[in-house]
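Asks:
Residue numbers (the numbering used here), protein chains in the order written: chain A, 1 to 152; chain B, 1001 to 1423.
1) Return the chain-ordered list of same chain residues with a C-beta closer than 7 Å to the C-beta of residue 1123/B, the five sequence neighbours on each side being excluded.
2) In the DSSP assignment, find the unbroken alpha helix (DSSP H) run with residue 1072/B in it and report its ends.
3) Looking at the secondary structure, which residues open and close the alpha helix (DSSP H) in which residue 1385/B lies?
4) Would you tell me roughly how many angstroms separate the C-alpha atoms of residue 1429/B and residue 48/A, rounded to the nearest one?
5) Indicate whether the contact test is met: 3 or more Cβ pairs, each with one atom in the stretch 1140 to 1159 of chain B and one in the stretch 1076 to 1084 of chain B, closer than 8 Å.
6) Name, please, each residue of chain B whose Cβ falls closer than 8 Å to the Cβ of residue 128/A.
7) Excluding the 5 residues preceding and the 5 following residue 116/A in the sequence, name in chain order all residues of the same chain whose CB lies nearer than 8 Å to its CB.
8) Which bits of chain B does residue 102/A rub up against, with CB to CB less than 7 Å?
9) Relative to the alpha-carbon of residue 1230/B, which residue among 1247/B, 1245/B, 1256/B has its alpha-carbon at the smallest distance?
10) Secondary structure at residue 155/A, three-state DSSP: helix, strand or coil?
11) Buried or exposed: which applies to residue 1272/B, given that a residue is buried once 16 or more other Cβ atoms fall within 10 Å of its Cβ?
12) So residue 1255/B is in the alpha helix (DSSP H); what residue range does that whole segment cover?
13) Might you give, ordered along the chain, the residues of its own chain that have their beta carbon closer than 6 Å to the beta carbon of residue 7/A, omitting 5 neighbours on each side?
14) Sorted by chain position, which residues of the same chain lie with C-beta nearer than 8 Å to residue 1421/B's C-beta, five sequence neighbours on each side aside?
15) Quick check: does the Cβ of residue 1373/B come within less than 7 Å of any heavy atom belonging to the ligand GTP?
16) Which chain B residues sit within Cβ distance under 7 Å of residue 83/A?
17) On the three-state DSSP scale, how would you describe residue 1301/B?
18) Skipping 5 residues on each side, what residues in its chain have a beta carbon closer than 6 Å to that of residue 1204/B?
19) What is the rounded straight-line gap between the Cα of residue 1032/B and the Cα of residue 1060/B?
20) So, is residue 1413/B buried or exposed, given that buried needs 16 or more other C-beta atoms within 10 angstroms?
21) Does the distance from the C-beta atom of residue 102/A to that of residue 1365/B stay below 8 Å?
22) I'd like to know if residue 1263/B contacts chain A, where contact means its C-beta is closer than 8 Å to some C-beta of that chain.
23) Alpha carbon to alpha carbon, what distance is there between residue 1303/B and residue 1335/B?
24) In whole angstroms, what separates the C-alpha of residue 140/A from that of residue 72/A?
25) Let me know the secondary structure DSSP gives residue 1334/B once reduced to three states.
26) Using 8 Å as the cut-off, can you tell me whether the stretch 1090 to 1100 of chain B makes contact with the stretch 1040 to 1053 of chain B, which would need three or more C-beta pairs spanning the two stretches below that distance?
27) Give a yes or no on whether 8 Å exceeds the smallest Cβ distance from residue 1413/B to chain A.
28) What does residue 1273/B touch in chain A if you count any residue whose Cβ is under 7 Å from its own?
29) Report yes if the C-beta distance between residue 1329/B and residue 1282/B is below 8 Å; otherwise report no.
30) Can you find the residues in the same chain that come closer than 7 Å, C-beta to C-beta, to residue 126/A, ignoring five residues on each side of it along the sequence?
31) What alpha helix (DSSP H) runs, 4 residues minimum, are completely inside the stretch 69 to 98 of chain A?
32) Considering only C-alpha positions, which residue in the set 32/A, 43/A, 33/A is nearest to residue 14/A?
33) Report buried or exposed for residue 1191/B, applying the criterion of at least 16 other Cβ atoms within 10 angstroms of its Cβ.
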């Protein structure tokens, strides 16, 4: 069973799709489209981060007893992502495609190496450790919506 | 409070470790190109794969450039790709880098000058340096509980490195007169295929499975390819080593062809439309590898006098066209990202106040470098048949290619330090 890994990996794929749409729009200087595509991407990403930080990580930490372990590293990388998203938004407002594309390249590396660590290691550990509670956890994560995450 | 360093603070080494490996490696590329320039003054010295100059240059490229980059990159990437930490203290990692560098220099000089003392010194130095990395890598690759789809491919590549080394050791010490070499040509063939197909190609294939979809946003490799290819390659190596050399060579060529074509195919289907200069390096690498695979069987059909120069050309295509290009494409992704990440976590400065990846190494500079490198490959290919002005120009462009890479790595380092980073 890889209930948690499947659900969150699919969410990663969804965020990647939105990332590509935003970046492609910026590279063609279609600023109206870029703005809406970026907003979609940002909201979906923040929502994904909230799903992990509010639901999954606390469950993992309380079951494994590892508070300073992999989840701490993942939270730190989430902070880097939020910060880079903010800088991207700023460059978008200024219609500065060069700055945006430099930052998006950086965010892409950050996200992808982060996602691999989660998909290959952390989610698998979660599926093993939290197998009995997986359905409930996925349900609770699905209940975290982009709107709620943006307000959090 | 625990300092926040590394890709994730329990896992990656400080930036100084991979950066040092990459810098030393690139110095060897420069040295190989300069040695080529020098040897071009005696055109006949570069027409045979058995000539002292070609043997020396080959080892500057394989051990010096490719070897050092690959060890440095593995120290950095295994925590991400396999979820294992290679426990080698920064001091020992740097010692291994200097030992490998010194050993490679001694080996190139020993092969170039035919000096037995230099060869014995090289074997000792390289052996001690590799041994210092053995416990850390073996524990991480074979005794860690973490398992991913890449665990076995990396294990095979690591094993192939040791087979290559042991074969190389017996050759070097044989040449130095420490023991008789019964079949030096057969042993050299084994050393070469385990090094090029086992270590270099297998490691690049294993890394590409993750790195290409991850960094270029392509679809994943077809499951049938990623599940079976490194086993197919390993089977080819074993068959070749056990005497079924035709069958082995066919399997190795097939593996290389399948890998290069599937990489070009998934890159063609990538969703990301923005300019990515590292793709050009990868494409050059894959086209070169596909050509190697297609030309390998042809070399067997040539008249005897053409076999040696044709094999030398294939070596150039594999080492400079394929492996070096791929390594350059990979470095242009990894290095600026590591510099950015270490800077962010060390200084805590917001992303808007530190250089982003493309400010560390702008696209334009990568593009210039790509063209220089492409020209070097095209001009060097006919060298074994037409030594002379072409070869001289080819080595000159390779010198520029190496110099560009060195300059870009140095620019990353200076910018990192200028923004308050600590190596």
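No residue lacks a Cβ here, since even glycine has one placed at the ideal position from N, Cα and C. Note that the structure is predicted; figures quoted are calculated from it, not measured.
Replies: With the given structure in hand:
1) Setting aside the 5 residues that flank it on each side, residue 1123/B is surrounded in the same chain by 1169, 1172, 1173, each with a C-beta closer than 7 Å to its C-beta; the list follows chain order.
2) Counting along the chain, the unbroken alpha helix (DSSP H) around residue 1072/B starts and ends at 1068 to 1081.
3) No alpha helix (DSSP H) contains residue 1385/B, which DSSP labels as neither H nor E.
4) Examination of residue 1429/B is not possible in this model, given that chain B is present from 1001 through 1423 alone.
5) Output reads yes: the stretch 1076 to 1084 of chain B touches the stretch 1140 to 1159 of chain B.
6) In chain order: nothing, as chain B lies at least about 11 Å away.
7) Hits under 8 Å: none found.
8) Per Cβ cutoff of 7 Å: 1356, 1357, 1358, 1359.
9) The shortest Cα separation from residue 1230/B among 1247/B, 1245/B, 1256/B belongs to 1256/B.
10) With chain A covering 1 to 152 only, the question about residue 155/A has no answer from this structure.
11) Classification for residue 1272/B: buried.
12) Counting along the chain, the alpha helix (DSSP H) containing residue 1255/B begins and ends at 1245 to 1268.
13) Taken in chain order, the residues that qualify are 138.
14) Within the same chain, Cβ atoms closer than 8 Å to the Cβ of residue 1421/B are found at 1015, 1339, 1342, 1343, 1346, 1347, the five residues on either side in sequence being excluded.
15) With respect to small molecules bound, the structure shown includes none, and the ligand GTP cannot be examined in it.
16) Going along chain B in sequence order, the residues near residue 83/A (Cβ under 7 Å) are 1350, 1351.
17) It is coil, neither helix nor strand.
18) 1326, listed in sequence order.
19) In this model, residue 1032/B and residue 1060/B are separated by some 6 Å (Cα to Cα).
20) In this structure residue 1413/B is buried. Its beta-carbon is surrounded by 16 or more other beta-carbon atoms within 10 angstroms.
21) Taking 8 Å as the Cβ cut-off, residue 102/A and residue 1365/B do not qualify as a contacting pair.
22) No, no contact with chain A.
23) Computed Cα separation, rounded: 46 Å.
24) For residue 140/A and residue 72/A, the distance between alpha carbons rounds to 21 Å.
25) Helix at residue 1334/B.
26) Look at the beta carbons and you see the stretch 1090 to 1100 of chain B not touching the stretch 1040 to 1053 of chain B: under three pairs across the two are nearer than 8 Å.
27) For residue 1413/B, not one C-beta of chain A is nearer than 8 Å to its own C-beta.
28) Within 7 Å Cβ-Cβ: 24, 27.
29) Yes. Within cutoff.
30) Once the five neighbours on either side are set aside, the close Cβ partners of residue 126/A are 4, 56, 60.
31) With a minimum length of 4 residues, the continuous alpha helix (DSSP H) runs that stay inside the stretch 69 to 98 of chain A are 70 to 93.
32) Distance from the Cα of residue 14/A is smallest, within the candidate group 32/A, 43/A, 33/A, for 43/A.
33) Counting the other CB atoms within 10 Å of its CB gives residue 1191/B a total of 16 or more, which places it among the buried residues.
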